[in-house]
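Numbering (our numbering), first residue to last: 64 to 588.
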């Protein structure tokens with residue numbers, strides 16, 4: 064399997080669905096549109112891996128890809144061979160009064176020469192029980208959805224508005240809608256746009272509102288969730304895929320032209336139009352927070368209304384059917400990850416263009432195209448095959464360098480010690496006029512601008528000097544000083560034009576000046 068976004072997305076889905084324990088391998092294969100044998104291979108490899116499924120999912124993409132698909136043979140754990148034959152016995156014992164997993168693990172530990180720890184023991188036993196117990200589906204709705212299993216996500220087509228109190232402008236907000244189909248419980252919130260960051264914020268608010276995480280998210284092919292489709296299979300946005308990985312759920316977008324896949328959320332969008340949009344049509348809001356408070360109030364009233372065909376409210380059904388089966392929220396909030404590929408430059412650094420900042424790696428990687436994952440706080444650098452290379456705290460200083468001395472080759476140490484004085488001295492050593500040009504460039508930097516922004520231009524001027532006929536280069540630098548145009552662009556243009564315009568201007572200046580003649584000089588003495 065190639066190490067790319069779509070394959071990693073599928074692999075993570077397989078692992079998460081397997082971890083949830085609510086679907087057979089065949090059903091997992093259908094859900095992610097993979098061959099059953101491929102799914103079996105992934106799951107068997109995960110079972111044999113020394114890391115648990117949670118630990119595998121916690122790995123960064125390059126590491127997980129290298130571990131699961133990089134060709135390293137997964138070994139068979141003899142501990143599981145011993146345990147798997149005794150799982151039916153432990154499951155039956157657990158149904159007896161007062162028997163706990165702790166007690167069964169203590170008995171197992173005494174009997175086994177190389178026992179699992181209690182966490183891994185519980186994981187294997189829970190998987191076995193989840194796979195063998197008869198599944199009881201909710202019969203509240205005709206579609207027989209299972210409580211806590213799915214949530215449908217969409218944006219309403221219409222927009223709500225609020226007044227920006229600072230500018231007086233009328234601003235529009237997108238309305239995100241989510242519903243839990245087993246109970247028809249609804250949620251809505253306003254966000255500034257449908258961009259992926261705002262979409263993830265809305266989904267996170269939904270999780271916090273319901274106090275848990277559904278096992279499967281079904282977005283309606285939103286651009287913020289699905290970036291494209293390949294051979295009919297949706298390719299998830301990397302950020303959304305990471306978001307699902309963090310919360311332990313799986314995203315399976317609704318299929319095009321399959322209205323049943325998304326009928327629940329589309330019905331709820333209509334409800335939101337009636338009970339939120341229409342109900343608040345005459346109210347004015349002066350911030351998006353004020354708007355969201357009103358939306359939350361109306362959705363709370365909606366969920367507490369008695370349903371027409373049932374004696375309960377949606378909230379009552381949610382607490383009885385959905386809430387107990389939701390997965391727990393993780394302790395830490397999701398931090399957005401960004402992915403890119405960057406080449407290690409001759410200065411032993413990658414250049415993160417978003418921050419205009421350099422980060423060093425060992426000099427032996429010069430010329431390699433590295434995989435880079437960065438968040439709001441950290442930058443991680445990997446080899447193309449997933450091997451971890453370096454982690455740095457993220458620094459947004461434009462033109463700055465975050466380096467380690469040992470990363471540099473011996474002939475690169477001078478590169479790290481660069482300074483204005485270093486470049487002025489270097490320039491004067493090869494050409495006096497060039498030294499004046501470089502000194503002028505540094506002197507005219509605006510206050511607060513770091514001198515590092517000129518280092519690459521100084522390097523370019525020195526290269527230009529080495530590759531240009533000395534008399535022509537000196538004339539170009541002299542002209543830059545004369546016309547107060549001390550810049551690489553001016554000097555490079557002058558050299559390319561052989562200083563033709565400059566020489567013509569010089570001749571005109573000479574014609575305007577009085578001739579150097581003995582008699583004329585005498586006239587002014």
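All C-beta atoms, glycine included, are put in the ideal place defined by N, C-alpha and C.
Is residue 75 close to the ligand SAM? I mean its beta-carbon at under 6 Å from any heavy atom of the ligand. Among the ligands in the structure shown, none appear at all, so the ligand SAM cannot be discussed.
Per DSSP, what are the beta-bridge partners of residue 250 in this structure? 241
Between which two residues does the beta strand (DSSP E) carrying residue 454 extend? 451 to 456
Give the secondary structure of residue 535 by DSSP, where H, G and I count as helix, E and B as strand, and everything else as coil. It is helical.
Could you please give the first and the last residue of the uninterrupted alpha helix (DSSP H) stretch that includes residue 501? 495 to 506
Bridge-paired residues (DSSP) for residue 223: 236
Given a threshold of 16 other Cβ atoms within 10 Å of its Cβ, counted over all protein chains shown, does residue 250 qualify as buried or as exposed? buried
Run the CB neighbour count on residue 179, radius 10 Å, all protein chains shown included, and call it buried at 16 or more, exposed below. buried
Roughly how many whole angstroms lie between the Cα atoms of residue 482 and residue 516? 11 Å
Check for me: the alpha helix (DSSP H) holding residue 528 runs from which residue to which? 518 to 529
Quick one, which of 366, 131, 368, 501 has its alpha-carbon nearest residue 486's? Comparing Cα-Cα distances from residue 486 to each of 366, 131, 368, 501, the minimum goes to 501.
Which class does residue 92 belong to by DSSP, given the choice of helix, strand or coil? Helix, per DSSP.
Cutoff 6 Å; reference residue 197; Cβ partners in own chain excluding five residues on either side: Caution is warranted here: a pLDDT of 43 is assigned to residue 197, below 50, making its placement in the model unreliable, and no coordinate value can be reported.
Can you name the residues that DSSP bridges to residue 465? 422
Among the candidates 438, 440, 439, 450, whose CA atom is the shortest distance from the CA of residue 428? 450
Between 97, 131, 99, which has its C-alpha nearest residue 110's C-alpha? For the residues 97, 131, 99, the minimum Cα distance to residue 110 belongs to 131.
Which one of 213, 84, 378 has the shortest CA to CA distance from residue 192? The candidate whose alpha carbon is nearest that of residue 192 is 84.
Taking residue 508 as the reference, give the member of 540, 400, 550 with the closest Cα. 550
Beta-carbon within less than 7 Å of residue 434's beta-carbon, same chain only, minus the 5 sequence neighbours each way: which residues are those? Excluding residues up to 5 positions away in sequence, 125, 404, 445, 447 lie with their Cβ nearer than 7 Å to the Cβ of residue 434 in the same chain.
Let me make sure I understand the geometry here. Which of 265, 77, 432 has the alpha-carbon closest to that of residue 412? 432
Cβ neighbours of residue 241 in the same chain (closer than 6 Å, five flanking residues each side left out): 214, 216, 250, 269
Report yes if the C-beta distance between residue 453 and residue 441 is below 7 Å; otherwise report no. no
Do you know how far the Cα of residue 75 is from the Cα of residue 32? Only positions 64 to 588 of the chain appear in this structure, which leaves residue 32 out of reach.
Just to confirm, is the Cβ distance from residue 348 to residue 401 under 7 Å? Cβ distance not < 7 Å, so residue 348 and residue 401 don't count as in contact.
Can you give me the start and stop residues for the beta strand (DSSP E) that residue 434 sits inside? 432 to 437
Is it true that the CB of residue 351 sits closer than 7 Å to the CB of residue 57? In the structure as shown, the chain starts at 64 and stops at 588, and residue 57 therefore has no counterpart that could be examined.
Residue 402 - DSSP class collapsed to helix/strand/coil: DSSP places residue 402 in strand when its eight states are reduced to three.
Given residue 366 as reference, the closest of 354, 389, 338 once Cα atoms are compared: 338
Best match in 245, 311, 236 for proximity to residue 267 [C-alpha to C-alpha]: 311
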